[in-house]
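Peer 1: Here the sequence shown is numbered in UniProt numbering, starting from 1 and rising by one per residue. Just so it is clear, CB atoms sit at the ideal spot from N, CA and C, and this is done for glycine as well. Before anything else, here's the structure in question.
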Amino acid sequence: MDKPRQGKQETGVIVHSKKNWLSEVMITITTLVVWIYCIIVIAFFISSLTNYNNRYINIIKSYFKMTNHDIRFFILFTILLWIVFYFGLLSWKFYNLKRFGSLRRRSYPKFTTKEDLLNLKLMSEEDYNKLQNSKIIIFEKNPIQGLVNQNKNK
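Okay, here's the thing in structure tokens:
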């Protein structure tokens, strides 16, 4: 087989790209909006945990009709729900281990030998030896016998 050609290699610029400046501006604005939203949500939860009342955070709390106590209860409920699911899945794991065992019965297959490949009857021993002993081989016809027969049937 021939090696793939490398083509013309230029030095200097690694990557050339034609980007639309309008799409880049939209991506930047969207990213900034998402980051600001994340910061506001984090500040919302931290302010309720520390009982810090900021004018802007209070606007968000009043919009959702929530107090610091409601937010703390929500955080506690979320943590308790996570713990319940965690221990539920952990107990399911131990139940499956007790019922089915460790299931480490599988082993890696052994290396394929010459006899294994020749027993498939897809290639002659002569072609197999050519492939093993030469670096570059050019076949006049397909050495895999089964594929030639399948193509004629179709």
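Using the Cα positions of W95 and F77, report the straight-line distance between them to the nearest angstrom.
Peer 2: Residue identity check: residue 95 is Tyr in the sequence provided, not Trp. Rounded to the nearest angstrom, the two C-alpha atoms are 27 Å apart.
Peer 1: So, do the segment 65 to 74 and the segment 42 to 50 have three or more beta carbon pairs nearer to each other than 8 Å?
Peer 2: Flag = yes, the segment 65 to 74 and the segment 42 to 50 touch.
Peer 1: Let me know if K61 comes out buried or exposed under the rule of 16 or more other beta-carbons within 10 Å of its beta-carbon.
Peer 2: With 16 or more other Cβ atoms within 10 Å, it is buried.
Peer 1: Would you kindly report the start and end of the unbroken alpha helix (DSSP H) that includes Y52?
Peer 2: Per DSSP, Y52 belongs to no alpha helix (DSSP H) and is neither H nor E.
Peer 1: Can you list, in chain order, the residues of its chain whose CB lies under 6 Å from that of K114, leaving out five sequence neighbours each side?
Peer 2: So no residue of the chain qualifies.
Peer 1: Sorted by chain position, which residues of the same chain lie with C-beta nearer than 7 Å to N54's C-beta, five sequence neighbours on each side aside?
Peer 2: The residues are S47.
Peer 1: For F64, report the span of its alpha helix (DSSP H) as first-last.
Peer 2: Unbroken run through F64: none, as it is neither H nor E.
Peer 1: Near E125, what residues of its chain come up, given a Cβ to Cβ distance below 8 Å and the 5 sequence neighbours on each side ignored?
Peer 2: L118.
Peer 1: DSSP on N133, reduced to helix/strand/coil?
Peer 2: Helix at N133.
Peer 1: State the DSSP-derived secondary structure class of F45, mapped to helix, strand or coil.
Peer 2: DSSP places F45 in helix when its eight states are reduced to three.
Peer 1: Between which two residues does the alpha helix (DSSP H) containing N119 stretch?
Peer 2: Note, N119: alpha helix (DSSP H), K114 to N119.
Peer 1: Restricting to Cα atoms, I'd like to know which of K93, K110, Y108 and P109 is closest to S102.
Peer 2: Checked all of K93, K110, Y108 and P109; the closest Cα to S102 is K93.
Peer 1: Express the C-alpha separation of D127 and K135 in angstroms, rounding to a whole number.
Peer 2: Between K135 and D127, the C-alpha separation is close to 13 Å.
Peer 1: Secondary structure at L103, three-state DSSP: helix, strand or coil?
Peer 2: It is coil, neither helix nor strand.
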